[in-house]
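Asks: Here the sequence shown stands for residues 1 to 380, numbered as in UniProt numbering. Glycine included, each C-beta is placed from N, C-alpha and C at the ideal position. Here the structure is a predicted model, which means the values were calculated and not measured.
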Amino acid sequence: MKPIYLDHAATTPVHPAVSATYIKLLESVFGNPSSIHSFGREARKWLDDARKIVAQSIQAESSEIIFTSGGTEADNIAIFGTVAAMKNRGNHIITTTIEHHAVLNPCKQLESQGYEVTYLPVNENGEIRAEQVKDALTDKTILVSIMYGNNEVGTIQPIREIGQLLQNHQAIFHTDAVQAYGLVKLDVNDLGVDLLSVSAHKLNGPKGVGFLYQRKGLNTSPLLFGGEQERKRRAGTENVPGIVAFAEAVTLAQQTMQENSVNYEKYATILTETFTKQAIAYEVNAKSEDKLPHIVNLSFPGTDIESLLVNLDMAGIAVSSGSACTAGSLDPSHVLTAMYGEDSPKLRNSVRFSFGLGLDEISIKEAAEQTAAIIKRLVK
Ligand code: PMP
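1. Applying the criterion that 16 or more other CB atoms from any shown protein chain within 10 Å of the CB defines a buried residue, is LYS291 buried or exposed?
2. Give every residue of the same chain whose Cβ lies closer than 6 Å to the Cβ of THR276, excluding the five residues on either side of it in the sequence, and list them in chain order.
3. Under 7 Å, do SER197 and ALA10 count as touching if we go by C-beta distance?
4. Leaving out five residues on either side along the sequence, give the residues of the same chain with a beta carbon under 6 Å from the beta carbon of TYR5.
5. Are the CB atoms of PHE300 and ILE375 within a distance shorter than 7 Å?
6. Can at least three beta-carbon pairs, one atom from the stretch 168-188 and one from the stretch 99-118, be found at a separation below 8 Å?
7. Measuring only from the beta carbon, is VAL133 closer than 6 Å to any heavy atom that is part of the ligand PMP?
8. By the DSSP assignment, the beta strand (DSSP E) with ILE270 in it spans what residues?
9. Alpha carbon to alpha carbon, how far is LYS380 from ALA279? Give it in angstroms, no decimals.
10. Just the C-alpha distance for ILE36 and LEU195, rounded to the nearest angstrom, thanks.
11. Apart from the five residues just before and just after GLY316, which ones in its own chain have a Cβ nearer than 6 Å to its Cβ?
12. Near PRO222, which residues of its chain fall below 8 Å by C-beta distance, leaving aside the five closest residues on each side in sequence?
13. Can you give me the start and stop residues for the alpha helix (DSSP H) that ARG51 sits inside?
14. Relative to the alpha-carbon of GLY341, which residue among VAL14, ASP48, GLY126 and HIS92 has its alpha-carbon at the smallest distance?
15. Apart from the five residues on each side of it in sequence, which residues of its chain come closer than 6 Å, Cβ to Cβ, to SER62?
16. Would DSSP call GLY149 helix, strand or coil?
17. Can you tell me whether THR72 sits near the ligand PMP, meaning its C-beta is under 6 Å from at least one heavy atom of the ligand?
18. Quick one: using the 10 Å Cβ neighbour count with 16 as the cut-off for buried, is residue 396 buried or exposed?
19. If we require 3 or more residues per run, which beta strand (DSSP E) segments fall completely within the stretch 148-180?
20. Below 7 Å between beta carbons: does that hold for LEU312 and PRO332?
21. Do you know offhand how far residue 384's Cα is from ILE79's?
22. Does the distance between the C-beta of VAL153 and the nearest non-hydrogen atom of the ligand PMP fall short of 6 Å?
23. What span of residues does the alpha helix (DSSP H) with HIS334 cover, start to end?
24. What distance in whole Å lies between the Cβ atoms of THR251 and ALA372, which are believed to be in contact at a cut-off of 8 Å?
25. How about SER354 and HIS92: are their beta carbons less than 7 Å apart?
26. Could you tell me if PRO293 is buried or exposed, where buried requires 16 or more neighbouring beta carbons within 10 angstroms of its beta carbon?
27. Return the Cβ separation of LEU271 and VAL351 in integer angstroms, given the expectation that the two are a contact with Cβ distance under 8 Å.
28. Give the single residue among LYS207, TRP46, ILE364 and THR303 whose Cα lies nearest to the Cα of ALA268.
29. Confirm, please, whether the CB-CB distance from ILE162 to ALA130 is below 7 Å.
30. Going by DSSP in three states, HIS15 sits in which element: helix, strand or coil?
31. Within the present structure, is the beta-carbon of ALA102 separated from the nearest heavy atom of the ligand PMP by less than 6 Å?
32. Assuming LEU183 is part of the beta strand (DSSP E), what are its boundary residues?
33. Would you say the beta carbon of VAL178 is closer than 6 Å to some non-hydrogen atom of the ligand PMP?
34. Where do the N-terminal and C-terminal ends of the beta strand (DSSP E) with ARG352 fall, by residue?
35. State the Cα-Cα distance for the pair ASP304 and VAL335, rounded to the nearest angstrom.
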């Protein structure tokens with residue numbers, strides 16, 4: 001059987017048009033964008049065009065985009081850069097218990113340096129309410145960092161509402177949109193965010209590229225010092241081929257966003273209907289209406305996740321368990337723990353299926369049937 005990749009929330013295959021662009025740039029545009037001669041100017045032109053494309057995708061201006069090495073760096077600049085620039089205004093940060101570790105670990109680091117961090121709890125659908133942010137705000141709050149869509153269960157947070165309530169507060173508002181960007185429409189003005197993180201490898205782009213949107217006029221301290229690239233906010237020669245290929249992936253994602261969303265909904269239905277038909281007991285983790293379209297997280301009562309994942313892998317089906325971002329880890333997911341409590345059996349029997357390029361209804365059906373057969377064997 002051909003392998004079936006259902007782990008697009010972890011990373012995605014590179015789109016053929018994106019890799020063609022990447023290779024073309026690698027082979028033909030080697031100039032340094034900061035050089036003033038024709039080679040440099042050519043690279044600069046490609047970089048500027050790419051910047052325009054990604055800026056337009058979120059209704060931002062080109063000058064508000066800082067290219068980074070990915071989502072992790074964008075989150076780190078947003079957090080450390082903001083608190084360093086705001087250190088005379090307060091020492092309090094608000095975030096949630098279900099952020100990615102690229103947000104949680106910087107927050108932990110800051111706690112060890114004397115900052116105070118409020119981790120807002122989520123309900124059993126993985127949601128926070130805007131009022132929780134309001135209640136946690138003090139005159140010492142300098143940063144609110146709340147993810148747009150969760151990478152494990154797909155929950156979408158009320159970013160727009162939070163943006164509105166922060167309008168007259170000094171706190172800078174950051175959202176980690178790494179998992180949502182390219183799958184749902186994002187408009188930084190509508191959302192009212194000051195900082196927004198994105199990563200290319202989640203939308204069929206190359207690895208090691210991303211960007212941070214930083215609202216005009218906002219001051220953040222750089223993490224990397226050196227040359228004056230990225231308007232003095234991030235030093236180092238830009239990854240030109242990666243960035244241009246990223247912009248190509250952005251263009252493609254915008255063209256296919258709606259169609260993908262419809263398809264992913266069908267795939268989710270095929271999965272759950274197949275399990276129902278095969279009498280496989282399951283529960284959906286995070287049942288809210290408004291969710292990222294490509295993630296379906298299911299708990300299978302009575303099934304041990306480790307055995308299930310090994311068996312699925314042997315059958316050529318790639319899915320993921322909880323904390324997918326800790327290399328090789330089957331540690332209970334901090335997201336499911338926050339949703340259900342640490343004693344919940346769902347921590348040890350939940351699987352994330354995530355959809356993307358290269359799938360169709362036939363492969364989803366095949367994967368669902370194989371999964372059902374394995375579960376039947378395991379729970380016998
Ligand atoms: N935030 C979220 C929500 C993510 O899903 C990821 C990737 N797993 C990251 C941040 C980190 O992005 P990158 O892999 O580009 O560093």
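Replies: Reading it off the structure:
1. Working through the sequence shown from its first residue, we reach residue 291 at position 291. It is buried - the Cβ of LYS291 has at least 16 other Cβ atoms within 10 Å.
2. Residue numbering aside, residue 276 sits at position 276 when the sequence shown is read from its first letter. The beta carbon of THR276 sits closer than 6 Å to none of the beta carbons in its chain outside the five residues before and after it.
3. Numbered from 1 along the sequence shown, position 197 holds the residue referred to as residue 197. Numbered from 1 along the sequence shown, position 10 holds the residue referred to as residue 10. The Cβ atoms of SER197 and ALA10 lie no closer than 7 Å to each other.
4. The residue given as residue 5 occupies position 5 in the sequence shown. For TYR5, the CB contacts under 6 Å within the same chain, skipping 5 residues up- and downstream, are ALA318 in chain order.
5. Within the sequence shown, residue 375 is the residue found at index 375, counting from 1. Within the sequence shown, residue 300 is the residue found at index 300, counting from 1. Yes; because the gap between Cβ atoms is below 7 Å, this pair is in contact.
6. Touching, yes, given that three or more Cβ pairs across the two stretches are closer than 8 Å.
7. The sequence position of residue 133 within the sequence shown is 133, counting from 1. Remark: the C-beta of VAL133 is outside contact range of the ligand PMP, defined as less than 6 Å to any heavy atom.
8. Looking up residue 270 in the sequence shown gives position 270. That residue, ILE270, is in no beta strand (DSSP E); its alpha helix (DSSP H) goes 240-277.
9. Translated into positions along the sequence shown, residue 279 becomes position 279. Translated into positions along the sequence shown, residue 380 becomes position 380. Distance between the alpha carbons of ALA279 and LYS380 is about 13 Å.
10. For the purposes of this step, residue 36 is taken as residue 36 along the sequence shown, with counting starting at 1. For the purposes of this step, residue 195 is taken as residue 195 along the sequence shown, with counting starting at 1. One C-alpha to the other measures close to 31 Å.
11. As a working mapping, residue 316 is identified with position 316 in the sequence shown. The beta carbon of GLY316 sits closer than 6 Å to those of MET1 and PRO3, all from its chain and outside the five residues before and after it, given in chain order.
12. Within the sequence shown, residue 222 is the residue found at index 222, counting from 1. Correct list, in chain order: ILE77, GLY81, LYS232, ARG233, ARG234 and ALA235.
13. For the purposes of this step, residue 51 is taken as the residue at position 51 of the sequence shown. 38-57 is the span of the alpha helix (DSSP H), which, as asked, contains ARG51.
14. For the purposes of this step, residue 341 is taken as residue 341 along the sequence shown, with counting starting at 1. Comparing Cα-Cα distances from GLY341 to each of VAL14, ASP48, GLY126 and HIS92, the minimum goes to GLY126.
15. Mapped onto the sequence shown, residue 62 falls at position 62. ARG51, LYS52 and ALA55.
16. Counting from 1 along the sequence shown, the entry for residue 149 is found at position 149. Strand, per DSSP.
17. One-based indexing of the sequence shown puts residue 72 at position 72. Yes, Cβ of THR72 sits closer than 6 Å to a heavy atom of the ligand PMP.
18. Since the first and last residues shown for the chain are 1 and 380, residue 396 lies out of range.
19. Counting whole runs of 3 or more residues, the stretch 148-180 contains the beta strand (DSSP E) stretches 172-176.
20. The count along the sequence shown starts at 1 and reaches residue 312 at position 312. The count along the sequence shown starts at 1 and reaches residue 332 at position 332. No, the pair does not count as a contact, with Cβ atoms beyond the cut-off.
21. In the structure displayed, the chain extends from 1 to 380; residue 384 sits before or after that span and is not available.
22. To locate residue 153, count along the sequence shown from 1; it is residue 153. For the ligand PMP, not one heavy atom lies less than 6 Å from the Cβ of VAL153.
23. As a working note, residue 334 is residue 334 in the sequence shown. 334-340 is the extent of the alpha helix (DSSP H) around HIS334.
24. As a first step, residue 372 must be located in the sequence shown, where it is residue number 372. As a first step, residue 251 must be located in the sequence shown, where it is residue number 251. Actually they do not touch by this definition, with Cβ atoms about 38 Å apart.
25. For the purposes of this step, residue 354 is taken as residue 354 along the sequence shown, with counting starting at 1. For the purposes of this step, residue 92 is taken as residue 92 along the sequence shown, with counting starting at 1. Contact: no.
26. For the purposes of this step, residue 293 is identified with residue 293 of the sequence shown, where counting begins at 1. Per the 10 Å Cβ criterion, buried.
27. Along the sequence shown, one-based indexing puts residue 271 at 271. Along the sequence shown, one-based indexing puts residue 351 at 351. 10 Å between Cβ atoms; not a contact.
28. Counting from 1 along the sequence shown, the entry for residue 268 is found at position 268. Of LYS207, TRP46, ILE364 and THR303, the residue nearest in Cα terms is ILE364.
29. Taking the sequence shown and counting its residues from 1, one reaches residue 130 at position 130. Taking the sequence shown and counting its residues from 1, one reaches residue 162 at position 162. Yes, they are a contact pair.
30. Along the sequence shown, read from residue 1 onward, the residue named residue 15 stands at position 15. Coil.
31. By 1-based counting over the sequence shown, the position of residue 102 is 102. ALA102 Cβ: within cutoff of the ligand PMP.
32. For this step, residue 183 is matched to residue 183 along the sequence shown. It is not in any beta strand (DSSP E) - LEU183 carries neither H nor E in the DSSP assignment.
33. Against the sequence shown, residue 178 aligns to sequence position 178. Yes, Cβ of VAL178 sits closer than 6 Å to a heavy atom of the ligand PMP.
34. Reading the sequence shown from its first residue, position 352 is the one you call residue 352. First-last of the beta strand (DSSP E) with ARG352: 350-354.
35. Stepping through the sequence shown from its first residue, residue 304 is reached at position 304. Stepping through the sequence shown from its first residue, residue 335 is reached at position 335. A direct Cα-to-Cα measurement between ASP304 and VAL335 gives close to 18 Å.
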